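Residues 529 to 1112 in this note's numbering are what the sequence shown spells out, letter by letter.
Glycine included, every Cβ here is placed at the ideal spot set by N, Cα and C.
The structure displayed is predicted, hence computed values, not measured ones.
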Amino acid sequence: MSISQDPNWWRQAAVYQIYPRSFADADGNGIGDLQGITSRVPYLNELGIDAVWLSPFYPSALADGGYDVDDYREVDPKIGTLEDFDEMVAALHAEGIKVVVDIVPNHSSDRHEWFRQALAAGPGSPERERYIFRDGLGEHGELPPSDWESVFGGPAWERVTEPDGSPGQWYLHLFAKEQPDFNWDNPEVREDFLTTLRFWSDRGVDGFRIDVAHALTKNLEETLPKQAELGQLGTGADGFIDGSHPYWDRDEVHEIYAQWRKLFDEYDPPRTAVAEAWVHPERRARYASPEGLGQAFNFDLLMAEFDAGKFQQIITKNLTEAETSGASSTWVFSNHDVVRHATRFGLSDSTVTPEHGNNGKPGNAWLLNGGHREDVDVDLGLRRARAATLLMLALPGSSYLYQGEELGLQEVGDIPAEARQDPTFFRSRGAEIGRDGCRVPLPWTSAGSSFGFGEDGAHLPQPGWFADYAVEVQEGQQGSTLELYRAALRLRRELQTEESLEWLKTGHKDVLAFMRPNGWVTVTNFSDVKAPLPAGEVLLTSAELNDGMLPGAATAWIRRTSLDATVTGMPEPRQRSPKRSGAQ
């Protein structure tokens, strides 16, 4: 299969996120690698995805799971070489699968060549101007420039030792102390990232996922505001909306992305990009504009409870935003930063609601309470996850899937403290549990030292119950989650149409239904009692029908036999969503 040259391939693509160190281990060192990914290309092809997104595979001390990058134009020796990368891209492209890679532009690692040069050069040097160094407060500079806290807990400033051995300046790190923030006012920084984007584009990369895209530009005045004041700066009643916060979502960041867009458009087809930008919805459109990155993640469904009204509100809002920006919507339920949605949907409301911690990410309360599997309604969680995913795959826009969710994999919540790796856990001294539980290596077989992940163990401990979720257990098994994903992704390609939908009245507040322009109808029952289905050919269901009725926590795809104005068994359509062209 040849790789598509369609410049709009990304608009309604199914993108599969691979966390390389936990996907497949070809050399048996307990860490996933690029050759492992290449060996699983037939599996990815059979799954039916359009693209893979690779989390960082660059040299790294893993202070933040690879998001602390030592060298942006190299591969970590533990997981491969540039030659391995080229072979992987060629193998994926041969199956028609695009390749998207993570770019981490807000910060490097403290082992990056530039940062080592900055430490050696001393205050006032051009080398230090590539990062954000400040003199400290107090009589001898012994206090940090501000009391700001990092995202991972603890202070956001770290003091360095100068070349002469004396206590010296402080550098800013919004994340771990091993992740010093770049100074994006420095032309050298801007030019070097353009070089990096060209480097990977020339190697065949089709697109980029931009980490913390909203944090690059900063306005650090001589006197910095207090931590307690930050939440009120640059905000309105609904969050950051005016672009004047000292370091989040500043307007100037879009000058950078306009320059990146010019570079992307030099290629045929143009390279794509999607922003990870945790910003107010009114601000998200600028990241997704055709003059900018082109697409931005919305995490609204990921943060939502399993509720029909909330799902409908979120979908309607995001389709309208996409129409305004000219982008396509992105939909996601799981990734490398959050509790897997098969687990989240099996928790009680009190443990789902993101009331505190982990940046308000759902499921954190359960982790803080020990992450015990017995506190999860595993069956209910899986039924809801399957239903939600089938709904998502029917929506206009692109769908992002996280490795293992096609197996119905649950979060590993009770990893021993001594086995954890996430800096959030250590910097908060256990007040936050971190993200290791969704990064545990995948089970490919039901036996072996690492369930087929590799020949000799895994870098994070896998629980015994992983055997029940293994690929070999589910392959060819009717009704398995893996076969559901394969069937859904195959049908999705066949059914894909214009980027619009019409909501259908169902007569049930807990039953959500919509229709795509070609008569593709999706019905999701959010209740715990069965509900009727409209007339038409039932193409796929997330659970077996009950006397022709859709059971609770289930979704059905139906093809209408005619395109008249009514749907037999359900009232007429209502509330048409924004419409865009660009169908696959």
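Integer Cβ distance of residue i from residue j, believed to fall under 8 Å
i: residue 938; j: residue 906; result: 6 Å
i: residue 1040; j: residue 1025; result: Incorrect: roughly 19 Å between the Cβ atoms, too far for contact.
i: residue 637; j: residue 697; result: Between residue 697 and residue 637 the Cβ distance is about 19 Å, and since that is not below 8 Å, they are no contact.
i: residue 772; j: residue 858; result: Wrong, their Cβ atoms sit about 27 Å apart, outside the cutoff.
i: residue 738; j: residue 821; result: 6 Å
i: residue 562; j: residue 613; result: 6 Å
i: residue 933; j: residue 870; result: 7 Å
i: residue 973; j: residue 946; result: About 27 Å separates the two Cβ atoms, so there is no contact after all.
Local conformation of residue i per DSSP, three classes
i: residue 836; result: helix
i: residue 712; result: coil
i: residue 544; result: strand
i: residue 827; result: coil
i: residue 677; result: strand
i: residue 551; result: coil
i: residue 765; result: Confidence is the limiting factor: at residue 765 the pLDDT is only 47, short of 50, which leaves the residue's position unreliable, though a coordinate-based value still follows. If DSSP states are grouped into helix, strand and coil, residue 765 belongs with coil.
i: residue 741; result: coil
i: residue 868; result: coil
i: residue 886; result: Reliability fails at residue 886, whose pLDDT of 38 lies under 50, so the model's placement of it is uncertain and no value is given.
i: residue 700; result: strand
i: residue 1059; result: strand
i: residue 662; result: strand
i: residue 753; result: coil
i: residue 683; result: strand
i: residue 1074; result: strand
i: residue 671; result: strand
i: residue 1082; result: strand
i: residue 1009; result: helix
i: residue 848; result: helix
i: residue 727; result: helix
i: residue 1095; result: Reliability fails at residue 1095, whose pLDDT of 45 lies under 50, so the model's placement of it is uncertain and no value is given.
i: residue 721; result: helix
i: residue 943; result: coil
i: residue 981; result: coil
i: residue 853; result: helix
i: residue 534; result: coil
i: residue 778; result: coil
i: residue 539; result: helix
i: residue 558; result: coil
i: residue 996; result: helix
Enclosing alpha helix (DSSP H) for residue i [first to last residue]
i: residue 626; result: No alpha helix (DSSP H) contains residue 626, which is instead part of the beta strand (DSSP E) from 626-631.
i: residue 788; result: 781-792
i: residue 617; result: 610-622
i: residue 1002; result: 999-1002
i: residue 566; result: 562-567
i: residue 645; result: 641-649
i: residue 954; result: 951-955
i: residue 914; result: 906-921
i: residue 818; result: Neither: residue 818 is in no alpha helix (DSSP H) and is coded neither H nor E.
i: residue 892; result: 892-896
Beta-bridge partners of residue i, as assigned by DSSP
i: residue 1039; result: 1053
i: residue 695; result: 689
i: residue 1065; result: 1087
i: residue 860; result: 928
i: residue 735; result: 628 and 800
i: residue 1048; result: 1087
i: residue 635; result: 709
Chain D within 8 Å of residue i, Cβ atoms only
i: residue 659; result: Checking the listed chains, one finds no chain D in this structure; it contains a single protein chain.
Environment of residue i [buried if 16+ CB atoms lie within 10 Å]
i: residue 542; result: buried
i: residue 790; result: exposed
i: residue 957; result: exposed
i: residue 694; result: exposed
i: residue 550; result: buried
i: residue 591; result: buried
i: residue 728; result: buried
i: residue 616; result: buried
i: residue 1027; result: buried
i: residue 747; result: exposed
i: residue 887; result: Residue confidence for residue 887 is low, a pLDDT of 45 falling below 50, so the modelled location carries little weight and cannot support an answer.
i: residue 776; result: buried
i: residue 1093; result: Residue placement at residue 1093 is poorly supported in this model, since its pLDDT is 39, which falls under 50; the coordinates still yield a value, given next. By the neighbour-count rule (16 or more Cβ atoms within 10 Å), residue 1093 is not buried but exposed.
i: residue 634; result: buried
i: residue 1057; result: exposed
Endpoints, the beta strand (DSSP E) within which residue i is located
i: residue 581; result: 579-582
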